[in-house]
Amino acid sequence: MRADTPIGRVEIGHGIAATAVEAALTRAEARRAILIAEPMTWEVAGKGIGATLAAAGWKVERILLPRGEDAKRLRVIEKTCRTLAKLHVDRAETLVAIGGGALTDAAGFAAATYLRGVPIVNVPTTLVGEIDAALGGKTAVDIPEGKNLVGVFRQPAAFIADTALLRTLPARERRAALGEVVKVGVLGDERLLELVEEHGEAFAAGSDEPIDSGAVAEMVERCAWAKVKVVCADEHDRGLRMTLNLGHTLGHAIEAAAGYKDLLHGEAIAYGLRGAFAISLAMGLTTRERSHRINALLDRLELGLESPGLDQDAVLERMASDKKHTMGKLNWILPTAAGVEIRQDVPPAAVEFGLIAALRFGGEHRPLDSTAEATAGATADATAEATEEATESSAGHS
Ligand code: GLY
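The sequence shown stops at residue 399 when you use our numbering, and every number in between is there.
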């Protein structure tokens, strides 16, 4: 599948990476291929793409960034830009980023700022990259005060998602990424939820059958199209794009409270999704059926099952410094019966209910237990009253 969209060319397929990169460079009238990867993604993807390009007569330059979040440092950007300068890369040249979300975030930021911006082609090598991170133009690095606090919006010239690259993805990363796929399904894609219900467990367990059958490609396509639509409507995250942050208000705070250790991003989002459903139930925004369905799916994917063992206050504190605030108010993305709503008027009692669902359920207190169900019912009633009171007395406080 291939399409030219207002946010760059989108190509999705199986075994397409090298040919699609070459086609992108040819379209850009490039004189060489400048590939940016990190050591692992160079081994599993970059090297093969580079070899194909070299065999076709391209001069190939390789730039390696550190692995994972360590790439997202301003000093790494400086070093990368200095390498580009030493290679005499000019404004008409196109870079190619090959890697996961951290790599495409960092390479994207370098591309957006070097010479005030050179084009970049993103070749994600993880499922999170293929369904989210490498598409939509968010680039960023971290500073000690927080993740992704320095960055720019700049769309890649092309996004090339090759599902064959996912074969080498470790089982834990596959599973965690499905947390983000479920999130996109909850935003309003019934077929996507069905696909995860049908193929998610096998993919998470490391089977390549869902890749070979095309089920994963269909998931990637559905997520990518959902994202193209949302980003085209709201590129700079002022309205609709915020809905992509479903599960992220609690999820980001949980990741931060855990010190960005032990939990993968998608795993944190699964806790956040459970919490968001609990809040929605408490506020009467979603149905029990919808909440049960998603919690049951996350159970089957073994996401957000174990209590992360974090202190509620530590998570609350992290939420207070979340960048999803507008004019001091936190934007909550909350599930409805078939989609989501953006709300700023979530009362503290409902937030607490969500925190309890996210942090304490799991292990012996599974969300679908009858005990949990009874607790949820009782708390929901109490919270519904509290919600009413809070809405009347201090609308908008969160
Ligand atoms: N990952 C959320 C966004 O791109 O807006």
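C-beta atoms are modelled at their ideal positions from N, C-alpha and C, and glycine is treated no differently.
For clarity, every value in this text was computed on a predicted model and none was experimentally measured.
Range of the contiguous beta strand (DSSP E) that encloses residue i
| i | result |
| --- | --- |
| Thr140 | 139–144 |
| Arg10 | 9–14 |
| Ala159 | 159–163 |
| Glu62 | 61–65 |
For residue i, the first and last residue of its enclosing alpha helix (DSSP H)
| i | result |
| --- | --- |
| Pro349 | 349–360 |
| Asp263 | Looking at the DSSP string, Asp263 is not in any alpha helix (DSSP H), and its letter there is neither H nor E. |
| Ala55 | 48–56 |
| His293 | 289–301 |
| Asp213 | 210–213 |
| Gly197 | The question names Gly, but residue 197 is Val in the sequence shown. Here the alpha helix (DSSP H) through Val197 covers 191–205. |
| Val316 | 313–321 |
Where residue i sits in the DSSP three-state scheme
| i | result |
| --- | --- |
| Glu374 | Annotation note: pLDDT 46 at Glu374 (below 50); position unreliable, no value reported. |
| Val229 | helix |
| Lys184 | helix |
| Ile17 | coil |
| Ala34 | strand |
| Lys148 | strand |
| Thr327 | strand |
| Val90 | coil |
| Asp106 | helix |
| Ser281 | helix |
| Gly240 | coil |
| Leu286 | coil |
| Asp133 | helix |
| Gly276 | helix |
| Pro368 | With a pLDDT of only 44 at Pro368, under the threshold of 50, the placement of this residue in the model should not be trusted, and no figure is reported. |
| Arg68 | coil |
| Lys80 | helix |
| Glu307 | coil |
| Arg74 | coil |
| Gly409 | Residue 409 falls outside the range modelled here, since the chain spans only 2 to 399, and no answer is possible. |
| Leu167 | helix |
| Glu39 | coil |
| Ala216 | helix |
| Ala29 | coil |
| Leu247 | coil |
| Leu128 | helix |
For residue j and residue i, believed in contact at Cβ under 8 Å, the rounded distance
| i | j | result |
| --- | --- | --- |
| Leu66 | Val183 | That pair is no contact at about 30 Å. |
| Leu299 | Leu360 | In fact, because the Cβ distance is near 15 Å, the residues do not count as touching under 8 Å. |
| Leu36 | Ile13 | About 20 Å; that fails the 8 Å criterion. |
| Ile78 | Leu96 | Not confirmed; about 13 Å, so no contact. |
| Val153 | Ala113 | 5 Å |
| Lys325 | Thr250 | 6 Å |
| Ala172 | Ala134 | The Cβ separation is near 20 Å, so there is no contact. |
| Gly180 | Glu268 | 6 Å |
| Glu303 | Arg176 | 7 Å |
| Val187 | Ile295 | 6 Å |
DSSP bridge partner residues for residue i (one or two, in chain order)
| i | result |
| --- | --- |
| Asn123 | Ala98, Phe160 |
| Pro336 | Val341 |
| Arg3 | Glu12 |
| Phe154 | Lys139 |
Any non-hydrogen atom of the ligand ADP within 7 Å of residue i CB
| i | result |
| --- | --- |
| Gly137 | The ligand ADP is not part of the structure shown, which contains the ligand GLY as its ligands. |
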